[in-house]
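Data block below; observations after.
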Amino acid sequence: MTAFHSLKKGALLVLNSGSSSVKFTVFAVEPEENRIVPFFAGQLSEIGTDAKLSAKSAAGEKMAEESWADRDTGGVPPLLPHLISWIETRLPEGMPLLAAGHRVVHGGSGLHHPVMINEHLMKELESLIPLAPLHQPQNMAAIRVLSESRTELPQVACFDTAFHHTQPTTSTTYAIPRELTEAGIRRYGFHGLSYEYISRHLSEEKPDLAKGRVVVAHLGNGSSLCALKNGRSIDTTMGFSALEGVPMGTRCGNLDPGIVIHLMREYKMDVNDLERLLYHKSGLLGMSGISNDMRALLSSNDPKAKEAVDIFCLRVAEEIARLTCAMGGIDALVFTAGIGEHSVPIRSMICKHLKWLGIELCEESNASRQPQISAENSLPVHVIPTNEELMIARHTVDLLTMRNAA
C-alpha cells in the first residue's frame with residue numbers, strides 16, 4: 189500500500205509524451221488523509237501543425253481550450269517548459285510540485301520496476317531506442333526537458349513492459365536462432381501499467397477472483413490482451429513491438445512475416461515505407477478505408493466498415509481462447525480501455541464468439557453499462573475502467589517515500 193508518512197502536501201505531475209501530443213494529469217498528495225486524488229488533467233495536441241491545449245478539473249470543469257500555435261515550433265520539447273509553467277500557475281498556494289512520473293514504453297529485459305531517473309538511467313533508456321524507435325525518444329524528450337528546466341524536481345520512470353517480466357520463456361521466446369533471442373529479440377509485451385492497475389483493483393475488490401485465471405482485454409486505438417494468473421502476467425498478445433497481436437486503430441496486428449519480404453522485394457519498400465504502412469496505415473483504418481475510430485465504423489453503412497469490425501472482434505475472441513490455453517483455463521474476462529469500457533456492441537460481438545467457452549452476456553446489463561455484464565450462468569465478465577495515470581502516481585509516491593526514508 190502506498191505510504192505518505194515522509195511526504196509533505198503537494199502535487200504530482202504524470203506525463204505521457206508522444207510525437208505530436210503530451211497528456212498530463214496532476215494529482216494532489218494529501219499525507220494526512222494518506223491518499224492521492226486527481227486535481228486536473230489535459231493534453232497538448234496537434235503539436236507540429238497547430239498546437240492546442242485543453243484541460244479540465246477533476247470535476248469536469250473546463251480550465252483551458254486554447255491555441256498554442258504561436259509557441260509551436262514543430263516539436264514537443266520546446267513546448268514542455270511552457271506547459272510546466274502553465275501547470276504550476278494553476279497550483280494553489282501551499283501545493284508545490286513534488287515530483288514528475290513518466291510513462292516510458294520500454295524497459296528492456298532488465299528494468300522490471302519503476303525507478304528514480306538519473307543520468308545513468310537515461311543512458312540505459314537511450315540504448316533501448318532501437319526496441320521502440322517511435323515511442324522511446326518521445327518519452328525521453330519530456331524527461332530531458334524537465335531535468336534541464338527543473339533540475340531539483342525528482343522524476344520517476346514507469347515502464348509499460350515491466351509488468352510482463354513474470355512471463356515464462358515459453359511465452360517470451362520466438363522460434364528464431366537462440367543468439368538473436370539472447371541479443372534481445374523476444375516478446376516483451378506492453379500496456380503493462382494498465383494491466384497492473386487491473387490486477388491491483390481485482391486484488392482489492394475481488395480477492396478470490398484475483399487469485400484465479402483472468403483474461404484482460406485492453407481495447408482501444410492500441411489494443412492488447414493479457415493472461416493474469418494469481419495477479420501475474422503469464423502471456424500477452426503484444427510482443428517485440430506494439431504491432432503484434434490483434435488489429436488496432438492503425439496497426440496491423442499479427443502478420444505473416446513473409447508479407448514483409450514480399451513488400452520489400454516486389455513493391456521496393458524500404459524500412460521507412462514499412463514502418464508507415466504497418467504502424468500508421470493498417471488496422472481498422474487500412475481494412476475499412478474509412479477510419480481508425482471504432483465509433484465511426486460502427487455507425488457506417490459501408491460493408492468494408494462492418495467487415496473491419498467483424499475481423500477485429502473475431503481476432504480478439506481468438507486471442508482470448510489462446511490465452512485461456514496458456515493458463516490452463518479461465519475464471520473471468522475483463523474489458524478495459526476506450527473500446528473495452530465504452531463500446532456495448534463490440535463487447536457483445538466478441539462474447540458471442542465465446543459461448544463455447546461458457547461466456548454469455550446479459551445484454552441488458554451490457555447495454556446499461558453495469559460493472560458485471562455476464563448472464564446468470566455464465567463465466568463472470570466484468571468492465572473495469574483502467575487508470576494508468578494513477579498507477580504512475582502511486583509508484584512515484586512509493587519511490588519518493590523510500591528516498592525520503594533513506
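Per my numbering: the sequence shown = residues 189 to 594.
Think of the CB as a built atom: it goes at the ideal place given N, C-alpha and C, for glycine as much as any other residue.
Item, Value
"Span of the alpha helix (DSSP H) around G289", "Not the alpha helix (DSSP H): G289 falls in the beta strand (DSSP E), residues 285-292."
"Segments assigned alpha helix (DSSP H), at least 4 residues, entirely inside the stretch 450-499", "459-463, 471-476, 482-487"
"Classification of I449 by the beta-carbon crowding that lies within 10 angstroms, buried from 16 upward", "exposed"
"The stretch 281-299 touching the stretch 338-355, judged by at least three CB pairs closer than 8 Å", "yes"
"Same chain, Cβ closer than 7 Å to L341, neighbours up to 5 away in sequence not counted", "L285, A287, A288, L334"
"Rounded Cβ spacing between R582 and I224 (contact assumed at less than 8 Å)", "7 Å"
"8 Å contact criterion, which I508 and V402 should meet: CB distance rounded", "Going by Cβ atoms, the distance from I508 to V402 rounds to 11 Å, so no, they are not a contact pair."
"Beta-carbon proximity of G471 to R510, cut-off 7 Å", "no"
"Cutoff 8 Å; reference A239; Cβ partners in own chain excluding five residues on either side", "L232, S233, S255, W256, A257, R259, D260, L267"
"Residue range of the beta strand (DSSP E) that includes K240", "240-245"
"8 Å Cβ shell around L502 - same chain, five flanking residues per side excluded", "H541"
"Inter-residue spacing [alpha-carbon to alpha-carbon] between S487 and V532", "13 Å"
"Own chain residues within Cβ distance below 6 Å of N409, not counting five before or after", "G437"
"Contact check, P226 vs F212, beta carbons under 7 Å", "no"
"C-alpha distance - T237 paired with P265, whole-angstrom precision", "15 Å"
"Start and end residues, alpha helix (DSSP H) containing T277", "268-277"
"E552 versus Q560 - alpha carbon distance", "11 Å"
"Cβ separation of R374 and T358, assumed to be a contact under 8 Å, to the nearest whole Å", "Not quite, the Cβ-Cβ distance comes to about 12 Å (not below 8 Å), so this is no contact."
"Where the beta strand (DSSP E) containing G248 begins and where it ends", "Note, G248: premise wrong, no beta strand (DSSP E); not H, not E."
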